[in-house]
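Notes for the one structure printed next.
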Amino acid sequence: MSGVAVIGVGMTPVSSTSDKSLAELFVQAAKEAIDNAGVDRIDAMYVGNMMSGFLQHQEHLGPLMASALGKEGVPTYKVEAACASGGVVMNVGMKAVLSGLDKIVVVGAVEKMSGYSTPEVTAGLMMAEDRLRVAASGVTFVGLNGMIARQYMHRFKVSHEIMAELPVLCHENALDNPNAQFHKRITVSDVLRSPLVADPLRLYDCSGMGDGAAVAILTSNEEARKFTDTPVEVAASCVASDTLSLYQRKDITIFEASRKAANEAYGRAKLAPTDIDVLEVHDAFSVLGLMALEDLGFAEKGSAGAQLLVNGECNRDGRLPLNTFGGLKARGHPVGASGMYQIVELTLQLSQRAAKCQVPDSSVGLAQSIGGIGSTVAVHILRRK
Amino acid sequence: MNSVNISGVTCPKCHWSDFFKVKTCPLCLTAVTATSFPGRGRIVTYTVIRYPPSGFKRKAPYIVGIIDLDDGPTVIGRVNVEPEKVDIGLTVNFSRETAGALEFVPA
Numbered sequence: 022m023s024g025v026a027v028i029g030v031g032m033t034p035v036s037s038t039s040d041k042s043l044a045e046l047f048v049q050a051a052k053e054a055i056d057n058a059g060v061d062r063i064d065a066m067y068v069g070n071m072m073s074g075f076l077q078h079q080e081h082l083g084p085l086m087a088s089a090l091g092k093e094g095v096p097t098y099k100v101e102a103a104c105a106s107g108g109v110v111m112n113v114g115m116k117a118v119l120s121g122l123d124k125i126v127v128v129g130a131v132e133k134m135s136g137y138s139t140p141e142v143t144a145g146l147m148m149a150e151d152r153l154r155v156a157a158s159g160v161t162f163v164g165l166n167g168m169i170a171r172q173y174m175h176r177f178k179v180s181h182e183i184m185a186e187l188p189v190l191c192h193e194n195a196l197d198n199p200n201a202q203f204h205k206r207i208t209v210s211d212v213l214r215s216p217l218v219a220d221p222l223r224l225y226d227c228s229g230m231g232d233g234a235a236v237a238i239l240t241s242n243e244e245a246r247k248f249t250d251t252p253v254e255v256a257a258s259c260v261a262s263d264t265l266s267l268y269q270r271k272d273i274t275i276f277e278a279s280r281k282a283a284n285e286a287y288g289r290a291k292l293a294p295t296d297i298d299v300l301e302v303h304d305a306f307s308v309l310g311l312m313a314l315e316d317l318g319f320a321e322k323g324s325a326g327a328q329l330l331v332n333g334e335c336n337r338d339g340r341l342p343l344n345t346f347g348g349l350k351a352r353g354h355p356v357g358a359s360g361m362y363q364i365v366e367l368t369l370q371l372s373q374r375a376a377k378c379q380v381p382d383s384s385v386g387l388a389q390s391i392g393g394i395g396s397t398v399a400v401h402i403l404r405r406k
Numbered sequence: 011m012n013s014v015n016i017s018g019v020t021c022p023k024c025h026w027s028d029f030f031k032v033k034t035c036p037l038c039l040t041a042v043t044a045t046s047f048p049g050r051g052r053i054v055t056y057t058v059i060r061y062p063p064s065g066f067k068r069k070a071p072y073i074v075g076i077i078d079l080d081d082g083p084t085v086i087g088r089v090n091v092e093p094e095k096v097d098i099g100l101t102v103n104f105s106r107e108t109a110g111a112l113e114f115v116p117a
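Here the protein sequences come in this chain order: A and B.
Taken in order, the first sequence gives residues 22 to 406; the numbers are from this note's numbering.
Taken in order, the second sequence gives residues 11 to 117; the numbers are from this note's numbering.
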């Protein structure tokens with residue numbers, strides 16, 4: 022077998038006022054993806070999610086989603102990797118197709134965060150870190166990222182103004198994305214004047230809480246042309262891990278898992294960072310977007326903001342279009358589903374179906390999905406066939 | 011002010027150590043031995059928590075930092091100081107352990 026292709030995609034808008042259940046969200050995205058691919062049967066279904074057990078008291082999402090979709094009987098699997106659940110479920114589904122055992126596979130991810138208090142969701146997100154070693158201190162997930170931001174700004178002399186360019190860019194791109202959670206233009210001074218959440222991070226440095234589901238249909242490269250004229254090949258799908266806890270790292274301004282997964286992905290795809298036309302990174306917090314640009318090989322350590330953001334290089338009409346649908350910050354971050362949103366958005370970009378978010382002639386895209394505090398990273402490189 | 015020692019574990023074979031009391035070294039799987047570290051160290055980084063998680067019984071704001079012990083491992087714990095007086099590099103002393111969390115004060 023020569024490889025795996027995406028032949029259909031679907032997603033729900035990201036919303037904090039959704040009245041849909043987990044299953045309703047997933048089914049909406051899955052039906053759209055199945056219709057888009059034009060498949061009449063599926064061989065297996067992989068569902069990514071992080072917090073349904075904690076927030077909805079619901080597990081066993083495989084058969085829940087399969088039966089809600091009228092596909093009871095197919096083998097189902099649930100995949101959890103904290104905020105990288107969406108990126109990792111894509112990797113698992115890709116391997117199923119690559120094995121030759123499953124011909125047509127549904128990979129999707131869903132999260133429902135609305136309707137819960139901020140302290141409840143804050144406690145849920147901390148499940149991504151070490152419960153026994155770290156949570157006892159009362160640190161939150163935003164707080165851990167605040168510690169990274171503090172160290173990053175201190176060591177590399179990066180101002181908050183420069184870091185704030187990332188949420189500003191994401192909000193600008195989301196204006197053209199009908200599925201985005203936030204349709205609001207913001208400025209650097211809006212970011213700097215927003216309330217502190219966990220110093221130095223302010224409200225507009227942080228992604229919000231939202232509901233959403235995103236689904237892709239995968240098959241082999243050989244079969245793909247039977248279903249679509251615009252298949253998008255999975256040129257590489259790589260996952261790496263690191264210590265579960267931030268305090269156990271030698272250098273917290275680098276995510277080694279990100280570097281490792283990216284280097285492996287470039288090797289497998291036989292591509293270099295200079296070959297990437299469109300980039301989707303896990304900007305759950307502004308500092309993570311800057312670190313991603315560095316860890317993935319697009320900027321020198323500590324200089325992503327100065328080298329790429331302040332001069333517009335990452336705008337949709339720039340040299341390296343970034344988070345072209347708004348990223349986690351403005352499209353929204355239904356945590357376990359965000360990695361699949363990236364795959365769906367890249368597929369739309371590369372098959373020239375991104376509407377007002379389209380980057381002309383883009384043919385290679387990279388997506389980076391981070392689980393926990395850099396403890397899991399999934400990197401995908403997609404390529405137009 | 012003198013610091014209180016922090017009890018922890020160390021690996022007799024590879025000298026890995028942690029404040030969290032495991033039974034086996036995660037690096038070489040040797041049985042660890044109990045030890046204690048002088049509680050003096052420096053703040054590597056910190057944050058001010060303004061929105062605590064549900065179930066955490068402490069009023070915000072409070073400071074959590076990563077502290078590099080002068081003669082021991084790197085640990086995470088709360089630093090009991092006003093937000094405007096904390097900084098990277100500040101020397102702190104361990105004061106006590108509360109509900110599994112290490113607490114520090116400026117030296």
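Where is the CB? At the ideal position from N, CA and C, for every residue including glycine.
Neighbourhood of residue i by C-beta, 8 angstroms cutoff - its chain only, sequence neighbours within 5 removed
| i | result |
| --- | --- |
| SER46 of chain B | ASN15, ILE16, SER17, GLY18 |
| PRO221 of chain A | GLY167, ALA170, ARG171, MET174, HIS181 |
| ALA89 of chain A | ALA44, GLU45, PHE47, VAL48 |
| GLU80 of chain A | SER73, GLY74, LYS99 |
| ARG176 of chain A | THR274, GLY323 |
Cross-chain neighbours of residue i in chain B, by beta carbon under 7 angstroms
| i | result |
| --- | --- |
| ALA144 of chain A | PRO63, SER64, GLY65 |
| ARG154 of chain A | PHE30 |
| VAL218 of chain A | ARG60, TYR61 |
| GLY164 of chain A | THR57, ILE59, VAL74 |
Residues sharing a beta bridge with residue i, DSSP
| i | result |
| --- | --- |
| LYS377 of chain A | DSSP, once it has assigned bridges, lists no residue as partnering LYS377 of chain A. |
| PHE306 of chain A | A:CYS227 |
| ASN103 of chain B | B:ARG50, B:VAL115 |
| GLY31 of chain A | A:VAL236 |
Closer than 8 angstroms at the beta carbon, the chain A residues around residue i
| i | result |
| --- | --- |
| ALA111 of chain B | ALA157, SER158, GLY159 |
| VAL85 of chain B | TYR268 |
| ILE2 of chain B | Because chain B here runs from 11 to 117, residue 2 of chain B falls outside it and cannot be looked at. |
| TYR50 of chain B | For the sequence presented, residue 50 of chain B should be read as Arg rather than Tyr. None at all; the shortest Cβ gap to chain A is about 17 angstroms. |
Per-residue contacts from residue i into chain B (C-beta, under 8 angstroms)
| i | result |
| --- | --- |
| ARG171 of chain A | THR55, TYR56, THR57, ILE98 |
| HIS175 of chain A | THR55, ILE98 |
| MET408 of chain A | As shown, chain A starts at 22 and ends at 406. That puts residue 408 of chain A outside it, with no answer to give. |
Range covered by the alpha helix (DSSP H) that runs through residue i
| i | result |
| --- | --- |
| GLY348 of chain A | 348-351 |
| CYS191 of chain A | 186-195 |
| LEU173 of chain A | Residue identity differs from the one stated: residue 173 of chain A is Tyr in this sequence, not Leu. Segment 162-177, the alpha helix (DSSP H) holding TYR173 of chain A. |
| SER210 of chain A | 209-214 |
| TYR287 of chain A | 277-290 |
| GLY145 of chain A | 139-146 |
| TYR362 of chain A | 359-371 |
| LYS52 of chain A | 43-58 |
| VAL110 of chain A | 106-119 |
| ALA87 of chain A | 82-89 |
Continuous beta strand (DSSP E) stretch holding residue i: start and end
| i | result |
| --- | --- |
| SER241 of chain A | 233-241 |
| ASP78 of chain B | 72-79 |
| LEU217 of chain A | 217-219 |
| GLN389 of chain A | 385-392 |
| MET134 of chain A | It is not in any beta strand (DSSP E) - MET134 of chain A carries neither H nor E in the DSSP assignment. |
| THR274 of chain A | THR274 of chain A -> no beta strand (DSSP E), and no H or E assigned at all. |
Cβ neighbours of residue i in the same chain (closer than 6 angstroms, five flanking residues each side left out)
| i | result |
| --- | --- |
| GLY333 of chain A | GLY339 |
| SER359 of chain A | GLY107, LEU349 |
| GLY31 of chain B | The sequence shown places Lys at residue 31 of chain B, not Gly. Contacts found: VAL19. |
| ASP80 of chain B | ARG50, GLY51 |
| VAL385 of chain A | ASP296, ILE297, ASP298, ARG404 |
Per-residue contacts from residue i into chain B (C-beta, under 9 angstroms)
| i | result |
| --- | --- |
| PRO140 of chain A | TYR61, PRO62, PRO63, SER64, GLY65, PHE66 |
Close-in-space but distant-in-sequence residues of the same chain around residue i (CB under 7 angstroms, 5 per side omitted)
| i | result |
| --- | --- |
| SER372 of chain A | THR251, VAL253, ARG405 |
| PRO188 of chain A | ILE207, VAL212, TYR225, ASP226, SER307, LYS350 |
For residue i, the nearest candidate out of the options (CA to CA)
| i | options | result |
| --- | --- | --- |
| GLY229 of chain A | A:PHE306, A:TYR67, A:ILE275, A:GLU141 | A:PHE306 |
| LEU265 of chain A | A:THR161, A:GLY31, A:ARG152, A:ALA54 | A:ARG152 |
| TYR268 of chain A | B:GLU94, B:ILE98, B:ILE77, B:ALA109 | B:ILE77 |
Neighbouring residues, chain A, relative to residue i (Cβ below 7 angstroms)
| i | result |
| --- | --- |
| ARG88 of chain B | SER158, GLY159 |
Check: residue i C-beta below 6 angstroms from any heavy atom of the ligand HEM
| i | result |
| --- | --- |
| ASN103 of chain B | Although the ligand HEM was asked about, the structure shown includes no ligands whatsoever. |
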